[in-house]
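Novice: Per our numbering, the sequence shown starts with residue 1, numbered consecutively.
Ideal Cβ positions, reconstructed from N, Cα and C, are used throughout, including at glycine.
I'd like to ask some things about the structure below.
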Amino acid sequence: IVSYMRTIIYSPILSAIFVLVIAVSVIMAIYLLPKCTFTKEGCHNKNHTMEDTYPLATNGKPFPWAHFRLPEFVVPNHYDIVLQPNLTTMRFTGSVQITVEVLQVTMHVILHSSKLNITKVTLASLSSSQSKPVDFLEYPMNDQIAIIAPEALLVGVKYNISIEYSSNLSDTYSGFYKIVAALSLCLSLGGECWLAATQFEPLSARAAFPCFDEPAFKANFQVRINREDQHIALSNMPKKSTNLLANGLFQDEFFVSLKMSTYLVAVIVGNFKCISKKTNGILVSVYAVPQNLGQTEYALNTAVKLLEFYQNYFNITYPFDKIVFQFLAWCLNPVIKLTVTVIAS
Numbered sequence: 001i002v003s004y005m006r007t008i009i010y011s012p013i014l015s016a017i018f019v020l021v022i023a024v025s026v027i028m029a030i031y032l033l034p035k036c037t038f039t040k041e042g043c044h045n046k047n048h049t050m051e052d053t054y055p056l057a058t059n060g061k062p063f064p065w066a067h068f069r070l071p072e073f074v075v076p077n078h079y080d081i082v083l084q085p086n087l088t089t090m091r092f093t094g095s096v097q098i099t100v101e102v103l104q105v106t107m108h109v110i111l112h113s114s115k116l117n118i119t120k121v122t123l124a125s126l127s128s129s130q131s132k133p134v135d136f137l138e139y140p141m142n143d144q145i146a147i148i149a150p151e152a153l154l155v156g157v158k159y160n161i162s163i164e165y166s167s168n169l170s171d172t173y174s175g176f177y178k179i180v181a182a183l184s185l186c187l188s189l190g191g192e193c194w195l196a197a198t199q200f201e202p203l204s205a206r207a208a209f210p211c212f213d214e215p216a217f218k219a220n221f222q223v224r225i226n227r228e229d230q231h232i233a234l235s236n237m238p239k240k241s242t243n244l245l246a247n248g249l250f251q252d253e254f255f256v257s258l259k260m261s262t263y264l265v266a267v268i269v270g271n272f273k274c275i276s277k278k279t280n281g282i283l284v285s286v287y288a289v290p291q292n293l294g295q296t297e298y299a300l301n302t303a304v305k306l307l308e309f310y311q312n313y314f315n316i317t318y319p320f321d322k323i324v325f326q327f328l329a330w331c332l333n334p335v336i337k338l339t340v341t342v343i344a345s
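Here it is, written out as structure tokens:
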């Protein structure tokens with residue numbers, strides 16, 4: 001009996017000692033063994049502290065940012081965007097100049113870019129009149145690029161980042177995409193049946209221009225569209241001017257927007273006509289391809305009634321001077337499908 005009782009008493013004690021030994025062994029292994037950076041080949045950096053592991057850019061160099069979300073130590077203030085869609089080749093070229101403010105000393109700027117062929121990047125402080133070409137790295141896994149500064153970017157200083165690029169018009173109805181009008185319109189216009197439009201929500205502005213493509217990064221936007229004579233261009237803000245370019249295209253310049261997120265930027269280019277009405281000083285317009293313009297009167301009248309109703313219901317005045325509805329039609333099957341894009345400014 002005594003032997004049995006001793007066994008019962010000692011068993012929990014021995015178990016506790018065993019667990020304690022295992023715990024101490026694990027702690028010693030963690031803190032006393034040489035530390036490493038582990039790779040596919042094993043541990044190479046013995047007797048060194050653990051190093052951050054960065055992903056590799058497309059050129060094989062380490063990409064200086066390992067997170068899906070963008071860092072917050074560089075923020076955009078203003079975008080100047082030029083887009084030139086070609087509705088024959090189904091490609092577009094573009095340039096963007098981003099004014100950024102530095103909140104923490106850094107050697108690089110991380111922003112979004114998706115399937116854009118970037119050909120040139122320059123960087124300069126606002127106080128400098130000289131923009132110098134700089135290196136950049138691409139990490140497609142996170143739709144990110146890193147602009148490498150030749151010297152440290154200083155806190156409180158504003159810089160201009162200029163990027164030139166090109167890409168294909170998307171056929172996925174997101175980003176900057178191409179869309180075919182109704183087949184009857186194609187025939188009546190002798191093949192002039194392609195339109196270009198944008199759909200940036202939630203994460204597709206980066207497919208039209210390099211940007212800080214997260215809702216928190218709000219900025220002002222200046223948009224310019226280069227187009228052919230037979231086309232018109234629409235964007236968030238009213239058109240400011242139209243100028244003839246040396247290459248025979250026309251450039252429509254729009255007023256600078258209020259501060260907004262990248263996914264709210266909108267652009268449409270194509271052969272359109274419109275009907276309009278004014279209500280309480282607000283111009284309401286509905287745009288459509290010429291063949292479908294006769295089908296838009298109901299939409300216009302309904303839009304005017306709804307705008308008046310909601311202003312009275314909420315006792316809030318609509319804050320902009322226009323609202324534009326753009327109807328787009330395309331043939332994917334024998335059934336014609338319609339979408340509507342709303343642009344308020």
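Does DSSP classify A66 as helix, strand or coil?
Specialist: If DSSP states are grouped into helix, strand and coil, A66 belongs with coil.
Novice: Given that a residue counts as buried once 16 or more other Cβ atoms are within 10 Å of its Cβ, and exposed if not, what is N47?
Specialist: Reliability fails at N47, whose pLDDT of 47 lies under 50, so the model's placement of it is uncertain and no value is given.
Novice: Give the single residue among S25, V289, F63 whose Cα lies nearest to the Cα of D143.
Specialist: The residue with the shortest Cα to Cα distance from D143 is F63.
Novice: Could you check which residue in I282, P290, G294 has the C-alpha nearest to that of K346?
Specialist: Here the chain has residues from 1 to 345 only, and residue 346 is not among them.
Novice: DSSP on A196, reduced to helix/strand/coil?
Specialist: Three-state result, A196: strand.
Novice: Would you please state the rounded distance, in angstroms, between the beta carbons of S167 and K115? I believe it to be under 8 Å.
Specialist: Correct: roughly 6 Å between the Cβ atoms.
Novice: Just verifying my parser: in three-state terms, what is the DSSP assignment at E151?
Specialist: Strand at E151.
Novice: May I ask which residues mark the beginning and end of the alpha helix (DSSP H) holding A303?
Specialist: Note, A303: alpha helix (DSSP H), 297-314.
Novice: Just verifying my parser: in three-state terms, what is the DSSP assignment at A233?
Specialist: DSSP places A233 in strand when its eight states are reduced to three.
Novice: In whole angstroms, what is the alpha-carbon distance linking E72 and L123?
Specialist: Straight-line Cα distance between these residues: approximately 19 Å.
Novice: Could you check the C-alpha separation between Q222 and I232 for me, to the nearest Å?
Specialist: Taking the straight line joining both Cα atoms gives about 17 Å.
Novice: Hey, out of A146, A219, P85, T99, whose CA is closest to L70's CA?
Specialist: Checked all of A146, A219, P85, T99; the closest Cα to L70 is A146.
Novice: Could you tell me which residues DSSP puts in a beta bridge with V269?
Specialist: DSSP output for V269 lists A196, A233 as bridge partner(s).
Novice: Give me the Cα-Cα distance between S113 and F217, rounded to the nearest whole angstrom.
Specialist: Between S113 and F217, the C-alpha separation is close to 15 Å.
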